[in-house]
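Residue numbers (the numbering used here): 1 to 192.
A short worksheet on the structure shown next.
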Amino acid sequence: MKKLIPSALCIAFIVIMLVPEDSMAQRRRRVVVRTRPHRTTIVVRPGHPIRRALPVTVLVRPARRAVVVAAPLLFLTAVAWTAAVVTLPARERFVWQDSETIEKDEGWVDTNFGVDGRGDALYLEIIGNAELNFAEVTFNNGNVQVVDFNEKTHGSGIYKLLDFADGRHVSTVRILALSKSEDTKLVVYLSK
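Here is the structure:
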């Protein structure tokens, strides 16, 4: 009997090795992860400081880079945005940058940029015309700073999105925007 146990284990191991991966994969639990844009009802978490009626449905674009925020989210008081055109700092000060193009026929788009970098200021470049609703800047400590654009339309230019001179680790930037030209490109920069 004791000699049969090692033989049985060896046979079981060989059978497992010979079973095609496809049949093993079929036994695993399937999880659907949306990697393409999809239209849905806008979602804001409890405690979100903007109380006005938000667009009912939006096209959600997932972040190309997933970032996990371990701490529970805490919304800070919303910051009213002042649209003043600025110049970008020198290129060597950029820690991160990414862009998203929004088409006019897409309607409201909820886009998320996975930043995961440390810096002291965020800039927003608009190429085209866009009506902006709000931005959420999530820091790695769970604090979320909402920037209220107050649903105003802005033209091409470079704007300071948020300044945090103490240097913070930015996890994500979420922007809710509507293209007012055929297409609008939003570019977000993190500088140090």
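Backbone N, C-alpha and C fix where the C-beta goes; we use that ideal spot for every residue, glycine too.
In this text the structure is predicted, and so the values were computed from the model without any measurement.
Flag this pair as yes or no: are the beta carbons of residue i and residue j separated by less than 9 angstroms?
i           : j           : result
residue 54  : residue 111 : no
residue 170 : residue 117 : yes
residue 173 : residue 99  : no
residue 65  : residue 192 : no
residue 178 : residue 143 : no
residue 121 : residue 163 : yes
residue 73  : residue 47  : yes
residue 158 : residue 95  : no
residue 36  : residue 58  : no
residue 145 : residue 190 : no
residue 61  : residue 151 : no
residue 50  : residue 43  : no
Output needed for residue i: all residues of its chain with C-beta closer than 8 angstroms, excluding positions within five of it in sequence on either side, in chain order.
i           : result
residue 180 : 104, 128, 129, 130, 131, 153
residue 183 : 101, 102, 103, 104, 128
Looking at C-alpha atoms only, which residue of the options is the closest neighbour of residue i?
i           : options            : result
residue 185 : 140, 142, 97       : 97
residue 126 : 161, 95, 144, 120  : 161
residue 139 : 167, 133, 41       : 167
residue 109 : 56, 124, 165       : 56
residue 69  : 141, 123, 149, 150 : 141
residue 88  : 165, 124, 106, 49  : 124
residue 149 : 84, 91, 106        : 84
Can you find a heavy atom of the ligand ZN that lies under 8 angstroms from the Cβ of residue i?
i           : result
residue 163 : In terms of ligand content, the structure shown is empty, and the ligand ZN therefore cannot be addressed.
I'd like the list of long-range same chain contacts for residue i, defined as Cβ closer than 7 angstroms, with 5 residues on each side in sequence excluded.
i           : result
residue 156 : 126, 127, 128
residue 41  : 56, 57
residue 165 : 120
Rounded to whole angstroms, how far is the Cβ of residue i from the Cβ of residue j, which I believe are closer than 8 angstroms?
i           : j           : result
residue 241 : residue 147 : Because the chain is modelled from 1 through 192, residue 241 falls outside the range shown and cannot be assessed.
Please go through the same chain and pick out, in chain order, the residues whose beta-carbon is closer than 6 angstroms to the beta-carbon of residue i, but skip the five residues on each side of it.
i           : result
residue 106 : 59
residue 67  : 114, 116, 171, 172
As an exercise, report each continuous beta strand (DSSP E) stretch of at least 3 residues that is fully enclosed by the stretch 31 to 72, in chain order.
38 to 41, 57 to 61
Ignoring anything shorter than 3 residues or poking outside the stretch 94 to 178, list the beta strand (DSSP E) runs there in chain order.
94 to 103, 108 to 127, 130 to 139, 143 to 154
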